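Asks: This is the structure I have questions about; it appears just below.
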Amino acid sequence: MRRGATLEGRVARPPRTPAPQKTRRPRPRRPQLITLTPQLNPRRHTEGGHMTTTPASTSTPTFDGAGQLAAVARSVRMQELDGHDGFVITLTQTFAAKRSSLWSAATEISRLAQWFAPVDGSLRQGGTYQIQDNAHGHITGCHAPDSFTATWEYDGEHSHLEVHFTKVDETHATLSLEHHSPTDEETWPKFGVGATGVGWDLSFASLAHHLATGASVPLETTSWVQTDDASTFLVQSAEAWADASIAAGSDEADARAAQKRTTDAYLDGLNS
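Listed below in structure tokens is the structure:
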């Protein structure tokens, strides 16, 4: 998309990340299923996120959670954000979809509602967006169908996203998402990268399900969240993010303790 061109149908709103709660439990970064959204707070459509009270679909979709987790490459690095300590998580996955289809799924309001969450706003470079009951921000860059950047603002915290779409061949494309966040004194010591990472894993899972099956509602809003498979997905996602954090240099004991707290918070969100 050319600079200044409308993003509608072009710029995807950042998959939501649950915002860290003030004394709060992590909110899963993704919308609606249980409200697991990227950033701690098992999505309840309450704070930015995710454990939402949206009624679940009566039919339970078939979903290969283990295969989905294995399909995502995760990395973590520590990096300053606006002059303060911060971290960056990256998720990369190749989908059986044309780049144009992947771009539209991630940037068109009508498509976002089918796997991510309802989004409103002026989807153009320089425009603003609001994710229902979740984050909001500004679209700071758009180069369709290659990439877009946006701020991610929630509950007083400011972070930003960089999203890239790469053509692999005529039927496959890769999505790479970077979420640059500050390290605060409350959420970071408790949950580490898992608070945001698990939420994004849920978003990628819902996108994969949408692209593979044509599903018209976010995976998290279905009865899948009530299954043992969903619980296992959350447990293994938190573990994968702890592994990535340790690989980036985090103390192993601290990372495993944060993994457990993240897992407990997300599972509590599923059961509440």
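Numbering-wise (my numbering), the sequence shown opens with residue 299 and increments by one.
Each residue gets a CB set at the ideal place from its N, CA and C atoms; glycine is no exception.
For clarity, every value in this text was computed on a predicted model and none was experimentally measured.
Start and end of the alpha helix (DSSP H) containing PRO480?
Replies: Unbroken run through PRO480 is the beta strand (DSSP E), 470-480; no alpha helix (DSSP H).
Asks: Check whether the segment 471-490 touches the segment 377-387, taking contact to mean three or more Cβ pairs, one atom from each stretch, closer than 8 Å.
Replies: As far as the Cβ criterion goes, the segment 471-490 touches the segment 377-387, which means the pair count is three or higher.
Asks: Verify whether the separation of the beta carbon atoms of LEU505 and LEU532 is less than 8 Å.
Replies: No. Outside cutoff.
Asks: Looking only at DSSP bridge pairs, what is GLY424 linked to?
Replies: For GLY424, which the question treats as bridged, DSSP gives no partner whatsoever.
Asks: On the three-state DSSP scale, how would you describe ASP362?
Replies: DSSP places ASP362 in coil when its eight states are reduced to three.
Asks: For PHE414 versus SER543, is the C-beta spacing smaller than 8 Å?
Replies: Not in contact: PHE414 and SER543 (Cβ atoms no closer than 8 Å).
Asks: In whole angstroms, give me the CA-to-CA distance for ASP552 and ARG375.
Replies: Whole-angstrom Cα-Cα distance: 16 Å.
Asks: State buried or exposed for GLU406, treating a residue as buried only when at least 16 other CB atoms are found within 10 Å of its CB.
Replies: Buried, since its Cβ has 16 or more Cβ neighbours within 10 Å.
Asks: To the nearest angstrom, how far is it from the Cα of ARG554 to the Cα of ALA411?
Replies: Whole-angstrom Cα-Cα distance: 34 Å.
Asks: Quick check on DSSP: helix, strand or coil for GLN391?
Replies: DSSP places GLN391 in strand when its eight states are reduced to three.
Asks: Does the distance from the CB of THR464 to the CB of THR358 come in under 8 Å?
Replies: Cβ atoms of THR464 and THR358: not closer than 8 Å.
Asks: What number of angstroms, rounded off, separates the C-alpha of ARG323 from the C-alpha of TYR452?
Replies: With a pLDDT of only 38 at ARG323, under the threshold of 50, the placement of this residue in the model should not be trusted; the figure read from the coordinates follows. Rounded to whole angstroms, ARG323 to TYR452 spans 15 Å at the Cα level.
Asks: Comparing alpha-carbon positions, which option in LYS488, THR530, GLY435 lies nearest GLN423?
Replies: Nearest C-alpha to GLN423: GLY435.
Asks: When you compare the CB positions of VAL496 and THR560, do they come within less than 8 Å of one another, or not?
Replies: Yes, the Cβ-Cβ distance between VAL496 and THR560 is below 8 Å.
Asks: What is the rounded straight-line gap between the Cα of TRP401 and the Cα of TRP486?
Replies: Roughly 32 Å between the two C-alpha positions.
Asks: Let's see if you can read the secondary structure: which residues bound the alpha helix (DSSP H) around TRP498?
Replies: Counting along the chain, the alpha helix (DSSP H) containing TRP498 begins and ends at 492-511.
Asks: Reducing DSSP to helix, strand and coil, say where ALA546 ends up.
Replies: Coil at ALA546, not helix or strand.
Asks: Can you give me the C-alpha to C-alpha distance between GLU378 and SER408, rounded to a whole angstrom?
Replies: Computed Cα separation, rounded: 35 Å.
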